[in-house]
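Chains as they are written, first to last, in the working numbering: chain C, 926 to 1092; chain X, 926 to 1092.
Cβ atoms here follow ideal geometry from the backbone N, Cα and C, with glycine treated the same way.
Structure record follows, encoded as structure tokens.
Protein chains: 2
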Amino acid sequence: MNSAQPPAGTALAFARHDHANCADEVLTRAEALAKANGARLTPVRRRTLEILLEAHRAMGAYEVLERLAAEGFGKQPPVAYRALDFLVEIGLAHRIRRLNAFTACMHPGEAHSPAFFICRKCDHLAEAPAAAVRAALESAAEKLGFTIERTNVEALGLCPACAEERT
Amino acid sequence: MNSAQPPAGTALAFARHDHANCADEVLTRAEALAKANGARLTPVRRRTLEILLEAHRAMGAYEVLERLAAEGFGKQPPVAYRALDFLVEIGLAHRIRRLNAFTACMHPGEAHSPAFFICRKCDHLAEAPAAAVRAALESAAEKLGFTIERTNVEALGLCPACAEERT
DNA sequence: TTGTTTTATGTAATAGTGTAACAGTCAAGC
DNA sequence: GCTTGACTGTTACACTATTACATAAAACAA
């Protein structure tokens, strides 16, 4: 893999920010969002989301699994993958392919197609709204006759802090 | 994994197109491009590129490795991964993370940051130039103070043919 | 040329990521 | 209650990728 394993320190934004009640807000919306999709926010699923929200960074599936197992849920990979896939499916989490990791979505429910910025030095991660990116993609897709259902937009580079250090 | 294993049928474009001399052109450029980077297009590396060009679709690293091994090169994963990583590094190939696969770049040398469109039904893959997408990304990055070095833009959905079939 | 450094290749061993298949369980609707 | 379908859990395994180390070949300097 990269220098980037699910890494134990992939914060969600480069700038410090208070997120005292991010989690509460999101969980409330989550319930609604799940119901809207005709899906159920079961205990494993809910707890998985909480874990991602608490961590507030990208986590590997196996890292999430450890936490779940420790709390009495199943101990096998499918437990984590199913819960994570569910969350991604209904838009409560995102999969960061470059990191083989997952992260809670910070703006669930809002129609958004985020872009992710990943620092190659410190592995920190930032999620940014990217309506313009999506629009450009749609336009390119149209020329091909392609119907977009889901997108993964990830940029690798240097975060402000690491760029500062003159690497 | 996905329904998408390195898959044995991931063509490069949805529309039929003749690419009789794609390969030759690209290989010629490759030499030059390598030299420009102070890098060497060694036999394994060159052959790896040829394999990707011949296949003209996305190939998993192990699939490439099989081919290399059959031709007398090393039989262990690092052989393929090193060659593929090299090609990606200097812009002769792209890594499609959603498919865990690699594909030869069709426009090496040209400053471009491609977007990939992957059909979830047939796994076919299209590479499209996406200057507008890149511009939008740069703009978002600037707001974060982030310096982009490399991007992965992948869209999942339905290709024209599969969309037709009313899935 | 010869010796030295760097870069590249090859192998073995193993770590990490993700799935398929199946059995049991639980909730919702009839 | 009973059926149905969705959800959870487990075993077992497939696939993807890396680390570490030994060898070899090219590039460079003396």
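Nearest residue (CA-CA) to residue i, options the options
i: Cys1047(C); options: Thr967(C), Glu1089(C), Val1004(C); result: Glu1089(C)
i: Ala1055(C); options: Leu1050(X), His1049(X), Cys1044(X), Glu1067(X); result: Glu1067(X)
i: Phe1071(C); options: Glu996(X), Cys1084(X), Leu1012(X), Arg992(X); result: Cys1084(X)
i: His981(C); options: Leu1069(C), Cys1087(C), Phe1027(C); result: Phe1027(C)
i: His1037(X); options: Arg1020(X), His1049(X), Arg1059(X); result: Arg1059(X)
i: Ala983(C); options: His1019(C), Gly1082(C), Ala1086(C); result: His1019(C)
i: Leu1050(X); options: Glu975(X), Asn1025(X), Glu1063(X); result: Asn1025(X)
i: Arg970(C); options: Gly963(C), Arg1022(C), Phe1011(C), Asn962(C); result: Phe1011(C)
i: Glu1074(X); options: Arg972(C), Glu1014(C), Phe998(C), Ala1080(C); result: Ala1080(C)
i: Phe998(X); options: Arg1023(X), Arg972(X), Arg1022(X), Leu952(X); result: Arg972(X)
Short CB-CB distance (under 7 angstroms) between residue i and chain C
i: Glu1089(X); result: no
i: Glu1079(X); result: yes
i: Leu1069(X); result: yes
i: Asn927(X); result: Model confidence at Asn927(X) stands at a pLDDT of 37, short of 50, so the residue's coordinates are unreliable and nothing is read from them.
i: Val1058(X); result: yes
i: Thr1076(X); result: yes
i: Gly1082(X); result: yes
i: Pro1085(X); result: yes
i: His1026(X); result: According to the sequence as given, residue 1026(X) is Ala; it is not His. So, not an interface residue.
i: Ala986(X); result: no
i: Arg1007(X); result: no
i: Leu990(X); result: no
i: Leu1017(X); result: no
Per DSSP, cross-strand counterpart(s) of residue i
i: Val951(X); result: Paired residue(s): none; Val951(X) is not in a bridge.
i: Glu1063(C); result: Beta-bridge pairing links Glu1063(C) to no other residue.
i: Cys1044(X); result: Gly1082(X)
i: Thr1076(C); result: Ala1080(X)
i: Ile1021(C); result: Ala1026(C)
i: Glu1052(X); result: Phe1041(X)
Distance, residue j Cα to residue i Cα
i: Glu1052(X); j: Pro1039(X); result: 6 angstroms
i: Glu979(C); j: Ala1065(C); result: 37 angstroms
i: Leu1009(C); j: Phe1041(C); result: 18 angstroms
i: Thr1076(C); j: Ala1057(X); result: 16 angstroms
i: Gln1001(X); j: Leu990(X); result: 7 angstroms
i: Glu950(X); j: His1032(X); result: 10 angstroms
i: Arg965(X); j: Arg954(X); result: 13 angstroms
i: Val1078(C); j: Arg1045(C); result: 16 angstroms
i: Leu977(X); j: Gly985(X); result: 10 angstroms
i: Ala1005(X); j: Ala995(X); result: 12 angstroms
i: Pro1003(X); j: Arg992(X); result: 14 angstroms
i: Ile1043(X); j: Ala1086(X); result: 12 angstroms
i: Gly1082(C); j: Thr967(X); result: 28 angstroms
i: Gly1016(X); j: Ala959(X); result: 9 angstroms
i: Glu975(C); j: Arg1007(C); result: 15 angstroms
i: Ala1061(X); j: Leu1069(X); result: 13 angstroms
i: Glu956(X); j: Asn962(C); result: 53 angstroms
i: Tyr987(X); j: Arg1022(C); result: 19 angstroms
Where residue i sits in the DSSP three-state scheme
i: Leu966(X); result: coil
i: Glu996(C); result: coil
i: Leu1081(C); result: strand
i: Asp943(C); result: Its pLDDT being 46, under 50, Asp943(C) is placed unreliably by the model, and the measurement read from it follows with that caveat. It is coil, neither helix nor strand.
i: Pro1003(C); result: helix
i: Ala1008(C); result: helix
i: Glu1090(C); result: coil
i: Ile1015(C); result: coil
7 angstroms Cβ cutoff, residue i in contact with chain X
i: Phe1042(C); result: yes
i: Ile1073(C); result: yes
i: Ala983(C); result: no
i: Ala1055(C); result: yes
i: Arg1022(C); result: yes
i: Leu1062(C); result: yes
i: Ala964(C); result: no
i: Ala1051(C); result: yes
i: Ala1065(C); result: yes
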